[in-house]
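Step one of this worksheet: look at the structure below.
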Amino acid sequence: MDQRTRLLEAALFAAPRPLALDELRVLDPEATEADWRRAIEELRDHYDTDGHGVEVVEIADGYQILTRAVFAEAIERAAFAARPVKLSSAALEVLAIIAYRQPVGRAEIEEIRGVSSGGVLRLLQERGLIEVAGRSEGLGRPLLYTTTPLFLEHLGLGNLADLPRTEELAVALRPPQTES
Amino acid sequence: MDQRTRLLEAALFAAPRPLALDELRVLDPEATEADWRRAIEELRDHYDTDGHGVEVVEIADGYQILTRAVFAEAIERAAFAARPVKLSSAALEVLAIIAYRQPVGRAEIEEIRGVSSGGVLRLLQERGLIEVAGRSEGLGRPLLYTTTPLFLEHLGLGNLADLPRTEELAVALRPPQTES
Amino acid sequence: MTGAAWSAGAARSGDDGGFVVTLERFSGPLDLLLHLIHREEIDIWDIPIARIADQFLQVIRDLGLDEAAEYLEMAARLVRIKAQMLLPRRGDEEPWEDPRHELVRRLLEYQQIREVVDWLERAARRRAERYGRGFVPAAPDLPPPPLAFAIEELVEAVERVLAMIPDSVIHRVLARPLDVEGATRRVLVLLESRESFGWRELLGPAPSITDILSALVAVLELARRGALKLSQPRPFTPFSIDRGPAYQAA
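Residue numbers (the working numbering), protein chains in the order written: chain W, 1 to 180; chain A, 1001 to 1180; chain R, 2001 to 2250.
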């Protein structure tokens, strides 16, 4: 392939959106629009005749390299885009409090963490790691949260008793020990 | 190109990160690892001999399509792609220590650097470049850190063995003495 | 020392003629120490500790680092080694242990890390010259990505939580249950006979705090259900209670 066609391929590959003809100009000030058209044609032909897994597509007044539709199913099945998600430290903290003090209400969680935790609770609930186990008898009858079997499954624990013992958290909000 | 090579190209193209050999298996249950290796070779050769703007690179124990370095300047000038964030010198120091000594605890890192490193560790963890791999048996059972695949990806390394051997460094260190 | 070994220090010290250093330039006392050793072209195996200690103290004073604990600690260590070097050695009876030994070991170890840092920086630069695919297709309706978390992370979170817990203030709370149901009945009785009445009428004479709170919760709950409406004619006046859109005579 021509050097300009290679540059075009690299640019289309790296760009987060379809590139219009006049956007290509910055790449090489000496090339005319006709030059870029020729490069696009060359790249398109090359992909088509050599039988590539990708193709040049004209989209929204621009050009983009996309995978061919015929492979879409296999790729979707593989779900490579789904890199395992890590829980944020905020989410882990809330989860830790619930794990050791369940059933526990939002107010208590927020009192311990000193920040509002509604969003995190919702996220953990959506992920199926915690659930509402009932309501407290207290004023306003707040919801009480517990961990789910999925939570244990994620950690590879048989049951809650397998959690590492952390007396302090389990017993009460004890003051931190006197330490150096 | 072979039909499997096309599928490979489409998959590598679609994936947002390097794909390991065993991840490719889902794409086509009938293909063996050797088949995939052949497909990778074919794609790599094709990109190289036909003169493409992209290439197949071995990174983080997997394979990824990246643009060729020779086009970096033009793509950067066009400014439609974001460059990765640069890490601070302190962050790289901590990464270097973890890369060579993993799994390693915070105390040892701080002993080598001579400065407290909690903030840097947290930052690297948030960025996903290091992770907690377990706890030491020592006093207080401190957390032990290791590098993640994202660390290799960020630096474009195939695997940890690509790091320079300590004997190759200008300053030869005797093995860590057994001492306090 | 080879040129490569010192490249980190040299790059950061810039033109050695004018010794201008800034705080950000050093990632710690070891870094500063290496810099000085390099600048003075000193053999790391035979550090003239008195000279280096003085220079170290001078630099941290100049940079205002003499309040940073880590630099102070190193300064103290250097002064101690300097003193030990001055002690008279007792003949050949005992093998003499060089007080600089531990410091040299740490410097070499740190130097090696700096070399690796240079290497990593170069690797990152090379990687940054190659771009990955930029286009991120809109995600189809896929199940959420798998979660990755481990027991260690949870334990670490527990430790953070424990550290957050402030000194506990223990309040002794006496249970004084509210009679919300009774208050609700009273409100409904009043609503049945009158379309509108004032908050004070609900409470009766000399209400206790429990009565007031019970009545308040009852009124708020009924307002939420639409059985009554609350309004306040003017600021700071008692609010009045009217039948709401969802009011049904019992």
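A virtual CB, placed ideally from N, CA and C, is assigned to each residue, including glycine.
Quantities reported herein were computed from a predicted structural model and do not represent experimental measurements.
| query | result |
| --- | --- |
| Chain W partners of Val-2219 of chain R, CB-CB under 9 Å? | Neighbours of Val-2219 of chain R on chain W: none; closest Cβ ~15 Å, over 9 Å. |
| Any beta-carbon of chain A closer than 9 Å to the one on Ala-20 of chain W? | no |
| If we call anything under 9 Å between Cβ atoms a contact, is Thr-1147 of chain A one with Leu-1160 of chain A? | yes |
| For Phe-1151 of chain A, go through chain W and note every residue whose CB falls closer than 9 Å to its CB, in chain order. | What Phe-1151 of chain A touches in chain W: nothing, since even the nearest Cβ is about 14 Å away. |
| Where in the stretch 2210-2241 of chain R do unbroken runs of the alpha helix (DSSP H), each at least 4 residues long, occur, reported from the N-terminal end onward? | none |
| Look at the alpha carbon of Pro-2029 of chain R and the alpha carbon of Tyr-2110 of chain R, and state the distance between them as a whole number of angstroms. | 11 Å |
| For Pro-2205 of chain R, does the count of other Cβ atoms within 10 angstroms reach 16, so buried, or fall short, so exposed? | exposed |
| On the three-pair Cβ rule with 8 Å, is the stretch 2129-2136 of chain R touching the stretch 1067-1076 of chain A? | yes |
| Suppose the cutoff is 7 Å on Cβ atoms and the five residues either side in sequence are ignored; what does the same chain contact list for Ala-116 of chain W look like? | Inspection of the sequence shows that residue 116 of chain W is occupied by Ser rather than by Ala. Excluding sequence neighbours, Ser-116 of chain W sits near Glu-110. |
| Kindly list the residues whose CB is nearer than 6 Å to the CB of Thr-2022 of chain R, restricted to its own chain and excluding five residues on each side of it in sequence; keep chain order. | Note that Thr-2022 of chain R scores 49 on pLDDT, short of 50, meaning its location in the model is unreliable; the coordinates nonetheless yield the value given after this. So no residue of the chain qualifies. |
| If Leu-24 of chain W and Ala-11 of chain W are in contact, beta carbons under 8 Å, what's the gap, nearest whole angstrom? | 7 Å |
| Please check the pair Gly-1062 of chain A and Pro-1018 of chain A, which I expect to be a contact at CB under 8 Å, by giving their CB distance rounded to whole angstroms. | 3 Å |
| Beta carbons nearer than 9 Å to chain W: which residues of the stretch 2149-2166 of chain R have them? | Phe-2149, Ala-2150, Ile-2151, Glu-2153, Leu-2154, Val-2155, Glu-2156, Ala-2157, Val-2158, Glu-2159, Arg-2160, Val-2161, Leu-2162, Ala-2163, Met-2164, Ile-2165, Pro-2166 |
| Just checking, does the stretch 2232-2244 of chain R make contact with the stretch 2188-2199 of chain R on the three C-beta pairs under 8 Å criterion? | yes |
| According to DSSP, which residues form a beta bridge with Glu-1058 of chain A? | A:Tyr-1063 |
| Would you tell me roughly how many angstroms separate the C-alpha atoms of Glu-2121 of chain R and Ile-2052 of chain R, rounded to the nearest one? | 29 Å |
| Taking DSSP as the reference, what is the three-state secondary structure of Glu-2195 of chain R? | coil |
| Determine the burial state of Ser-2193 of chain R: buried for a count of at least 16 other Cβ atoms within 10 Å of its Cβ, exposed for fewer. | exposed |
| Go ahead and pull the three-state DSSP assignment for Lys-2082 of chain R. | helix |
| Quick one: residues in its chain with C-beta nearer than 8 Å to the C-beta of Leu-1163 of chain A, no 5 flanking neighbours on either side, listed in chain order? | Ala-1099, Tyr-1100, Leu-1157 |
| To which residues of the same chain is Met-1 of chain W closer than 8 Å at the C-beta, ignoring the five residues directly before and after it? | Glu-9, Glu-42, Leu-43, His-46 |
| Does chain A have any CB closer than 9 Å to the CB of Leu-7 of chain W? | yes |
| Going by the beta-carbon positions, is the gap between Thr-1005 of chain A and Ala-1034 of chain A smaller than 9 Å? | no |
| Can you name the start and end residues of the alpha helix (DSSP H) that Ile-130 of chain W belongs to? | Element bounds for Ile-130 of chain W: not the alpha helix (DSSP H) but the beta strand (DSSP E), 130-135. |
| Does the structure place the stretch 1112-1131 of chain A close enough to the stretch 2039-2050 of chain R that three or more beta carbon pairs sit under 8 Å? | no |
| Measuring CB to CB, does Leu-121 of chain W end up less than 9 Å from Ala-133 of chain W? | no |
| Could you list the residues in the stretch 39-59 of chain W with a C-beta less than 7 Å from some C-beta on chain A, going in chain order? | Asp-50, Gly-51, His-52, Gly-53, Val-54 |
| Is DSSP giving Tyr-100 of chain W helix, strand or coil here? | helix |
| I need the straight-line Cα distance from Trp-1036 of chain A to Thr-32 of chain W, nearest angstrom please. | 41 Å |
| Can you find a C-beta in chain A that's less than 9 Å from the C-beta of Leu-182 of chain W? | For residue 182 of chain W there is no data in the structure shown, the boundaries of chain W being 1 and 180. |
| Enumerate in chain order the residues of its own chain whose CB-to-CB distance from Pro-2245 of chain R is below 6 Å, with the five nearest sequence positions on each side excluded. | Gly-2226 |
| Starting from Arg-17 of chain W, find everything on chain R with Cβ-Cβ shorter than 9 Å and list it in chain order. | Gly-2134, Phe-2135 |
| Considering only residues of the same chain and omitting the five flanking positions on each side of Leu-1173 of chain A, which have a CB-CB separation below 8 Å? | Note that Leu-1173 of chain A scores a pLDDT of 45, beneath 50, so its modelled location is shaky; the value from the coordinates is reported in the next line. Closer than 8 Å at the Cβ level, and outside the excluded window around Leu-1173 of chain A, lie Thr-1166. |
| Assuming Met-2085 of chain R contacts Ile-2049 of chain R (C-beta within less than 8 Å), just tell me the rounded distance between them. | 6 Å |
| Tell me the residue span of the alpha helix (DSSP H) that contains Leu-144 of chain W. | Unbroken run through Leu-144 of chain W is the beta strand (DSSP E), 143-147; no alpha helix (DSSP H). |
| What in chain W is Cβ-close to Tyr-2131 of chain R, meaning under 8 Å? | Ala-10, Phe-13, Ala-14 |
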